[in-house]
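Numbering (this note's numbering), first residue to last: 533 to 936.
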Ligand SMILES: [Mg+2]
């Protein structure tokens, strides 16, 4: 079936939010990120890019490259608020919406051309977002996700681009192969070494050659280079969540035991968020007393996937919830309001040390199993969660009610 896929991306999102709050920042070079000695750049305005600054770079280096830049410590709360504002506008207006990250969206506009014209519709949508939020946003429109995303990136900043059906290959051909969304730095290096620097070079390769060098990935890269991508829009659900719960063999009021279970569950779920490249914006804690009465409390928070935010929030909710001093039969934790990427949003106040710690812990978990490294505080909890990625299209985890 012929499709019409829209990709929208807010331009230098964190920087744009800061400029809305303080117009003196307009047209000046801005760096947003951790401001400490070991902070990392999360977003850099276009004015800084000519100095060789890019996101992910140590803040110290960025400051050296662009000394006149205004450096701002990021605020996850502000960005979450604006991200949700844009999501609401889109949700009301498009039939099927995917929130790919805090500042990036896909919508399926198939069939709309007959009645309205998808390009006109998308342009008006962009105008509405700019008027209602003040944020600059760009879009790409084509027959699939890959071509639309590349089109958005070519349109930036603050513009739009449509690739007509049948012109996908022609549009992609002159571009660097690095612009194909799944080609990372390492793959790009390997492609360059083979003389495949442009999309056109890959287009002319036999698919078998790509497969023999890059395996299955080679086939996907080859197809995307031809402008072929059948991946569907994965609809965004505010209530999509991951959760974990534990029923005790014997009902308990042992605070140490209860807290240990809860923080182990929160730690495990936070790891699963990061493994799936997701962040969440709501924490819920549930308790069931021995009389089977069940209570829960929830807390909205800025998008995060960080243990040092999620574990204390879980504890705080439990403290507020547990007021009957009765025997407890079950405790549970749920993270909801999930969306993709931007895990660094939770690290503005911290140094790259914290980021490195998480990365190191997650690497060990990926290799040897999720319970190979853990906080000392959660070591008492034996059987929380499993080592799998809950974002592979599987339904949310429902843990068997294990006994200790
Ligand atoms: Mg963006």
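All C-beta atoms, glycine included, are put in the ideal place defined by N, C-alpha and C.
I need the DSSP call for residue 789, collapsed to helix, strand or coil.
helix
Three-state secondary structure (DSSP) at residue 840?
The three-state secondary structure of residue 840, taken from DSSP, is helix.
So, are the CB atoms of residue 818 and residue 777 less than 8 Å apart?
yes
Please state whether the Cβ-Cβ distance between residue 761 and residue 676 is less than 8 Å.
yes
What's the gap between the Cα of residue 595 and the Cα of residue 869?
35 Å
Can the beta-carbon of residue 651 be found closer than 8 Å to that of residue 681?
no
Considering only their Cβ atoms, is the gap separating residue 667 from residue 625 smaller than 8 Å?
no
Mind checking residue 648: buried by the 16 CB within 10 Å criterion, or exposed?
With fewer than 16 other Cβ atoms within 10 Å, it is exposed.
Starting from residue 555, follow the beta strand (DSSP E) in both directions and report where the run begins and ends.
Unbroken run through residue 555: none, as it is neither H nor E.
Please confirm whether any heavy atom of ligand 3 lies closer than 7 Å to the CB of residue 636.
In the structure on display, ligand 3 does not appear, and the ligands it does have are ligand 1.
Between the Cα of residue 696 and the Cα atoms of 674, 534 and 783, which residue gives the shortest distance?
The option with the nearest alpha carbon to residue 696 is 674.
Could you tell me which of 546, 663, 575 and 820 sits nearest to residue 615, measuring between CA atoms?
546
Out of 575, 561, 566 and 608, state which residue places its alpha-carbon closest to the alpha-carbon of residue 582.
Comparing Cα-Cα distances from residue 582 to each of 575, 561, 566 and 608, the minimum goes to 561.
Give the secondary structure of residue 753 by DSSP, where H, G and I count as helix, E and B as strand, and everything else as coil.
helix
Quick check: the Cα distance between residue 737 and residue 612, rounded to an integer number of angstroms?
Straight-line Cα distance between these residues: approximately 43 Å.
What did DSSP end up calling residue 540 once you bin it into helix, strand or coil?
Look at residue 540 here: in three-state DSSP terms it is strand.
Using 8 Å for Cβ pairs, my map puts residue 709 next to residue 688. What's the rounded Cβ distance?
Contact flag wrong, Cβ pair sits at about 19 Å.
For ligand 1, is there a heavy atom less than 7 Å away from the beta-carbon of residue 545?
yes
Residue 630 lies in the beta strand (DSSP E); which residues open and close that run?
628-633
Less than 7 Å separating the Cβ of residue 667 from some heavy atom of ligand 1?
no
Tell me whether residue 731 sits in a helix, a strand or coil according to DSSP, three-state version.
For residue 731, the three-state secondary structure derived from DSSP is helix.
Leaving aside the five residues before and after residue 766 along the sequence, list all residues of the same chain whose C-beta is less than 7 Å from its C-beta, in chain order.
630
Flag residue 693 as yes when its Cβ comes closer than 7 Å to any non-hydrogen atom of ligand 1, and as no otherwise.
no
Nearest to residue 839 by CA position, among 891, 599, 758 and 722, is which residue?
891
Using the Cα positions of residue 640 and residue 750, report the straight-line distance between them to the nearest angstrom.
Answer to the nearest angstrom: the Cα atoms are 27 Å apart.
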